[in-house]
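Number 207 in this note's numbering belongs to position 195 of the sequence shown; there are no gaps in the numbering.
Cβ atoms here follow ideal geometry from the backbone N, Cα and C, with glycine treated the same way.
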Amino acid sequence: MRKLARSTIGATAVLVVAFAAYLAYDFGMLRFNNPSLSNYPIQGIDVSHHQGDIDWKVVASQPNVRFAFMKATEGGDHRDSKFADNWQRAGDAGVVRGAYHFFTFCRPGKDQAQNVLATVPKEQGTLPIAVDLEFVGNCNKIPTLEEMVAEVNAFFTELKGTFPEKPIFYVTQEFFDQYLKGNESRFPDHYLWLRSVFREPRQEECSHWSIWQFADNGTLDGIQGPVDLNALCPSEVGLAHLFPAVAAN
């Protein structure tokens, strides 16, 4: 009985510690990754309507915000309610901007591209279109590899006339393993934006990725609540020309 009691107490203590760690992480008090500016000198954020009203002048004054991606669209008809405001005010504050689209598995790629074209302004000095490819928050359909290849290619074929730049694929490890790994040549040529909030990616010194989303619970002056934090791969040269305003600062 005493051994059982000790075992029960020990298990309870582990659960309490685990729950406390979860709460600390959820409220932004605990972060698994914290890359320094000396090692990752170009860092930035990605935002959507979830961040509410952002004080872009305050955000832009911080050394770890050299660029910002903002959600523009989702699926074939949804437009982020804060995109137009974020796009305008971030630009006015001098932030290097990029727009991203959440790709749903339940709408044709061509329809989704038309939503992007109707929403995102074509302006000089902005980052390439990024597409968010992940299972979380998506519809229940799980496409085959052939279906995914066809719809993603249709999406970028429709965009190419207006946005000819090499796009950015934001992916989770799960999506990468199921669709992209070993099949990269079947998709449009792209930069890889990798989500990895628990550890630093180590893939041949960034040769397989360009942007690293290292936290989804960051805190910044000018933004109420958590925000996603990102870093540009230090050895990335392919994106260097996309950050002329950053390089000049």
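What first and last residue would you give for the alpha helix (DSSP H) that runs through THR85? As a working note, residue 85 is residue 73 in the sequence shown. Per DSSP, THR85 belongs to no alpha helix (DSSP H); it is in the beta strand (DSSP E), 79-86.
Alpha carbon of GLY230 to alpha carbon of PHE95, nearest angstrom: Here the question's residue 230 lines up with position 218 in the sequence shown. Here the question's residue 95 lines up with position 83 in the sequence shown. Distance between the alpha carbons of GLY230 and PHE95 is about 20 angstroms.
Closest residue to ASP104 among PHE79, PRO120, ASN127, LYS69 (Cα-Cα distance): Sequence index remark: in the sequence shown, residue 104 carries index 92 (1-based). Of PHE79, PRO120, ASN127, LYS69, the residue nearest in Cα terms is LYS69.
Going by beta carbon distance, what residues of the same chain come within less than 8 angstroms of GLY40, once the five residues before and after it are set aside? Within the sequence shown, the letter at position 28 stands for residue 40. Its pLDDT being 42, under 50, GLY40 is placed unreliably in this model, and the value from its coordinates should be taken loosely. The answer, listed in chain order, is ASN229, GLY230, THR231, PRO238.
Below 7 angstroms CB to CB, which residues in the same chain sit around LEU35 once its five sequence neighbours on both sides are set aside? Sequence index remark: in the sequence shown, residue 35 carries index 23 (1-based). With a pLDDT of 39 at LEU35, under the threshold of 50, the modelled position of this residue cannot be trusted; read the value that follows with caution. Nothing meets the Cβ criterion.
Could you check the C-alpha separation between ASN76 and GLN136 for me, to the nearest Å? Along the sequence shown, read from residue 1 onward, the residue named residue 76 stands at position 64. Along the sequence shown, read from residue 1 onward, the residue named residue 136 stands at position 124. Rounded to whole angstroms, ASN76 to GLN136 spans 23 angstroms at the Cα level.
State the Cα-Cα distance for the pair ASP123 and SER50, rounded to the nearest angstrom. The sequence position of residue 123 within the sequence shown is 111, counting from 1. The sequence position of residue 50 within the sequence shown is 38, counting from 1. Spanning the two alpha carbons is a distance of roughly 43 angstroms.
Alpha-carbon to alpha-carbon, CYS151 and ALA166: Position 154 of the sequence shown, counted from the first residue, corresponds to residue 166. Position 139 of the sequence shown, counted from the first residue, corresponds to residue 151. Looking at the two C-alpha atoms, the distance is approximately 19 angstroms.
Touch check for the stretch 140-147 and the stretch 175-192: three-plus C-beta pairs under 8 angstroms? yes
What runs of the alpha helix (DSSP H), each 4 residues or longer, lie entirely inside the stretch 134-180? 157-171
Local conformation of LEU35 per DSSP, three classes: On the sequence shown, position 23 is the one that residue 35 refers to. Because LEU35 carries a pLDDT of 39, less than 50, the predicted location of this residue cannot be relied on, and the following value inherits that uncertainty. Of the three classes helix, strand and coil, the one that applies to LEU35 here is helix, per DSSP.
In angstroms, rounded to a whole number, what distance separates the CA positions of LEU244 and PHE114? On the sequence shown, position 232 is the one that residue 244 refers to. On the sequence shown, position 102 is the one that residue 114 refers to. Going from the Cα of LEU244 to the Cα of PHE114 covers about 21 angstroms.
Own chain, CB closer than 6 angstroms to TYR203, minus 5 neighbours either side, in chain order: Along the sequence shown, read from residue 1 onward, the residue named residue 203 stands at position 191. The residues are ILE180, SER222.
Same chain only: Cβ atoms within 6 angstroms of GLU86, ignoring 5 sequence neighbours per side: Numbered from its first residue, the sequence shown carries residue 86 at position 74. Excluding residues within five positions, the ones whose Cβ falls inside 6 angstroms are PHE114.
For the alpha helix (DSSP H) that GLU98 lies in, which residues bound it at each end? Within the sequence shown, the letter at position 86 stands for residue 98. Here residue 98 is Asn; the residue named in the question, Glu, does not match the sequence. Element bounds for ASN98: 95-104.
Consider the Cβ of TRP99: report whether some Cβ of chain C lies at a distance smaller than 9 angstroms. Absence of chain C from the displayed structure is noted, only one protein chain being present.
For HIS61, list the residues DSSP reports as bridge partners. Residue 61 sits at position 49 when you count from the first residue of the sequence shown. According to DSSP, which records beta bridges pairwise, HIS61 is partnered with nothing at all.
ASN229 in three-state terms, based on DSSP: Position 217 of the sequence shown, counted from the start, is the residue given in the question as residue 229. In the structure shown, ASN229 sits in a strand (DSSP, three-state: E or B).
Using DSSP's beta-bridge definition, name the partner residues of GLY110. Residue 110 sits at position 98 when you count from the first residue of the sequence shown. The partner list for GLY110 (beta bridge, DSSP) reads PHE81.
Measure the Cβ-Cβ separation of GLY121 and PHE168 and say whether it is below 9 angstroms. Position 109 of the sequence shown, counting from 1, holds the residue named residue 121. Position 156 of the sequence shown, counting from 1, holds the residue named residue 168. Yes, these two residues count as a Cβ contact at 9 angstroms.
Below 9 angstroms between beta carbons: does that hold for LEU206 and PHE188? What you label residue 206 is simply residue 194 of the sequence shown in a count that begins at 1. What you label residue 188 is simply residue 176 of the sequence shown in a count that begins at 1. A contact, by the Cβ cut-off of 9 angstroms.
From the DSSP output, which residues share a beta bridge with VAL183? Here residue 183 refers to the residue found at position 171 of the sequence shown. Note: VAL183 sits in a beta bridge opposite LEU145, LEU206.
Thinking THR131 and ALA84 are a contact (beta carbons under 8 angstroms), I'd like their distance in whole angstroms, please. Position 119 of the sequence shown, counted from the start, is the residue given in the question as residue 131. Position 72 of the sequence shown, counted from the start, is the residue given in the question as residue 84. Confirmed, Cβ separation roughly 5 angstroms.
Smallest Cα separation from GLN55: which of ASP67, HIS62, ALA80? Here the question's residue 55 lines up with position 43 in the sequence shown. If we check each option's Cα against that of GLN55, ALA80 comes out closest.
Classify VAL249 as helix, strand or coil using the three-state DSSP reduction. If you number the sequence shown from 1, residue 249 lands on position 237. Here VAL249 sits in coil by DSSP.
Please state if the CB of ASN45 and the CB of PHE255 are separated by a distance shorter than 9 angstroms. As a position in the sequence shown, residue 255 is number 243, starting the count at 1. As a position in the sequence shown, residue 45 is number 33, starting the count at 1. Taking 9 angstroms as the Cβ cut-off, PHE255 and ASN45 do not qualify as a contacting pair.
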